[in-house]
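K.L.:
Take this structure, written in structure tokens, and hold onto it; I'll ask about it next.
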Amino acid sequence: MNILVTGANGQLGSSIRDIASQHHNFIFTDVDSLDITQYHDIVDVITRCNIDVIINCAAYTNVDRAEQEPEIAQLINATAVDNLARAAANNNATLIHISTDYVFGGNCNNIPCTEQQATAPLGVYGLTKLAGEQAVIDSGCRHIIIRTAWLYSPYGRNFLLTMLDLTARRQSLNVVFDQVGTPTYAAHLAQAIMHIIDTNQVHKQGIYHFSNQGVCSWYDFAHAIARLAGHDNCIISPCHSNEFPSPVKRPSFSVLDKTLFTTTFGFDIPHWHDALIQCFNSISDSKRITME
Ligand SMILES: NC(=O)c1ccc[n+]([C@@H]2O[C@H](COP(=O)([O-])OP(=O)(O)OC[C@H]3O[C@@H](n4cnc5c(N)ncnc54)[C@H](OP(=O)(O)O)[C@@H]3O)[C@@H](O)[C@H]2O)c1
């Protein structure tokens, strides 16, 4: 199968690159080699490389900055996704597109959100990602939309890497405990996507939810990171969200129900704490390899 990965230098794209098997022909691109705002460039790659599946990892992911740059967020998260979806539809390719729990606004009444739950984004990022989902559906292309949450990995900028840095340098830290969700190890999402492709299930069109299993607050997540890193000198204290003024309101309860994903695709999703340990192991393995 010929698989095009867009936004391949980001967290998820890099995690897919890590596990890309030799059974498929992967074309990894990012904005410098394929800017997805350019429809004709997308069509050119799809036709030249005879692409069967597109995995769209490209996105505008800065939730706070999106409030100041709504046009750019809309261009990358919605208009460019429309380009990809139309190009997929016109060239008989399947689009696997990644979306977010931020299409919900904490309107799940403290019950994990299913795919049927009404969307209600709280900010520009969520609104533009929701518009991207709609563009995929409206295009008529064969598609799988996967909403994920709290993505982290050894790559790029994310909560894990920020906490590793802060807890190493500081003696104390306040982290919010009134926002609850589930972290997602990008390697596990990458494995789940490859499982869908390797088991020939790309025709199972629809919207699906994917994060790791379990529930925690950002405080719990930070605490677990610091303990696993051995940064025991840093005291982490729980605090309220209003102590960290932000241009955008974030949902207080944002847990995704993964039942549809696990039953449809037959994929067991690890618990978030086990996932974090695996991520730590992979970071220390790669450090060992670099030192050798
Ligand atoms: N990160 C999270 O916590 C989170 C949570 C829920 C859902 N998601 C979703 O999960 C997916 C993957 O997220 P991620 O964290 O891996 O994202 P990421 O690390 O921010 O990577 C996104 C990549 O897309 C690239 N890109 C931006 N504009 C582009 C364009 N016009 N054409 C091609 N590539 C472009 C970015 O390049 P530059 O860096 O140069 O801009 C970056 O390499 C996204 O759809 C995101 O919305 C993420």
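Offset between the sequence shown (1-based) and the numbering used here: plus 27. Every residue gets a Cβ at the ideal spot worked out from N, C-alpha and C, and that includes glycine. Note that the structure is predicted; figures quoted are calculated from it, not measured.
Can you tell me the Cβ-Cβ gap for Phe288 and Phe294, rounded? I've got them flagged as a contact below 8 Å.
P.N.:
On the sequence shown, position 261 is the one that residue 288 refers to. On the sequence shown, position 267 is the one that residue 294 refers to. Yes, they are in contact, since the Cβ atoms of Phe288 and Phe294 sit about 7 Å apart, within 8 Å.
K.L.:
First and last residue of the beta strand (DSSP E) that includes Leu122?
P.N.:
Within the sequence shown, residue 122 is the residue found at index 95, counting from 1. Its beta strand (DSSP E) spans residues 121-127.
K.L.:
In terms of DSSP beta bridges, what is His298 paired with?
P.N.:
Numbered from its first residue, the sequence shown carries residue 298 at position 271. Beta-bridge pairing links His298 to Gln240.
K.L.:
Just mark Ile223 as buried or exposed, buried being the case when its beta carbon has 16 or more other beta carbons within 10 Å.
P.N.:
Your numbering for residue 223 matches position 196 in the sequence shown. Classification of Ile223: buried, given that the 10 Å Cβ count is 16 or more.
K.L.:
Mind reading off the beta-carbon distance from Ile332 to Asn83? Whole number of angstroms is fine, and I expect it under 8 Å.
P.N.:
Past the edges of the chain, shown from 28 to 319, lies residue 332, and the structure says nothing about it.
K.L.:
Take Ser268 as the anchor and find which of Gln218, Ala251, Val207 has the nearest alpha-carbon.
P.N.:
For the purposes of this step, residue 268 is identified with residue 241 of the sequence shown, where counting begins at 1. Ser268 has its Cα closest to that of Val207, out of Gln218, Ala251, Val207.
K.L.:
At a cut-off of 6 Å, is Ala176 close to ligand 2 when judged by its beta-carbon and the heavy atoms of the ligand?
P.N.:
Looking at this structure, you won't find ligand 2 anywhere; what it does contain is ligand 1.
K.L.:
Taking C-beta to C-beta, are Gln101 and Thr155 nearer than 7 Å?
P.N.:
Position 74 of the sequence shown, counted from the first residue, corresponds to residue 101. Position 128 of the sequence shown, counted from the first residue, corresponds to residue 155. Yes, the Cβ-Cβ distance between Gln101 and Thr155 is below 7 Å.
K.L.:
Helix, strand or coil for Pro199? Go by DSSP, reduced to three states.
P.N.:
In the sequence shown, counting from the first residue as 1, residue 199 sits at position 172. Just to set this straight, residue 199 is Ser in the shown sequence, not Pro. Ser199: strand per DSSP, three-state reduction.
K.L.:
Should Gly150 be counted as a contact of ligand 1 given a C-beta to heavy atom distance under 6 Å?
P.N.:
The residue given as residue 150 occupies position 123 in the sequence shown. No.
K.L.:
Would you check whether ligand 1 has a heavy atom nearer than 6 Å to the C-beta of Cys135?
P.N.:
Looking up residue 135 in the sequence shown gives position 108. Checking every heavy atom of ligand 1 against the Cβ of Cys135, none is found closer than 6 Å.
K.L.:
Does the beta-carbon distance from Asn185 to Thr211 come in below 7 Å?
P.N.:
For this step, residue 185 is matched to residue 158 along the sequence shown. For this step, residue 211 is matched to residue 184 along the sequence shown. No, these two residues do not count as a Cβ contact at 7 Å.
K.L.:
What span of residues does the beta strand (DSSP E) with Ile30 cover, start to end?
P.N.:
Start at 1 with the first residue of the sequence shown, and residue 30 comes out as number 3. Looking at the DSSP string, the run of the beta strand (DSSP E) that includes Ile30 is 29-33.
K.L.:
Considering just the uninterrupted stretch of the beta strand (DSSP E) at Phe53, what are its terminal residues?
P.N.:
Translated into the one-based positions of the sequence shown, residue 53 becomes position 26. 52-55 is the span of the beta strand (DSSP E), which, as asked, contains Phe53.
K.L.:
When you compare each of Ile125, Thr127, Ser126, Ala145 to Asn134 by their alpha carbons, which one comes out closest?
P.N.:
Translated into positions along the sequence shown, residue 134 becomes position 107. The shortest Cα separation from Asn134 among Ile125, Thr127, Ser126, Ala145 belongs to Ala145.
K.L.:
Is Cys140 helix, strand or coil when you go by DSSP?
P.N.:
Counting from 1 along the sequence shown, the entry for residue 140 is found at position 113. Three-state DSSP puts Cys140 in a strand.
K.L.:
Per the contact definition of three or more C-beta pairs closer than 8 Å, is the stretch 64-76 in contact with the stretch 103-123?
P.N.:
With a cut-off of 8 Å, the stretch 64-76 and the stretch 103-123 count as touching, because enough Cβ pairs lie within range.
K.L.:
Quick one: residues in its chain with C-beta nearer than 6 Å to the C-beta of Ala107, no 5 flanking neighbours on either side, listed in chain order?
P.N.:
Working through the sequence shown from its first residue, we reach residue 107 at position 80. Answer for Ala107: Ile63, Thr64, listed in chain order.
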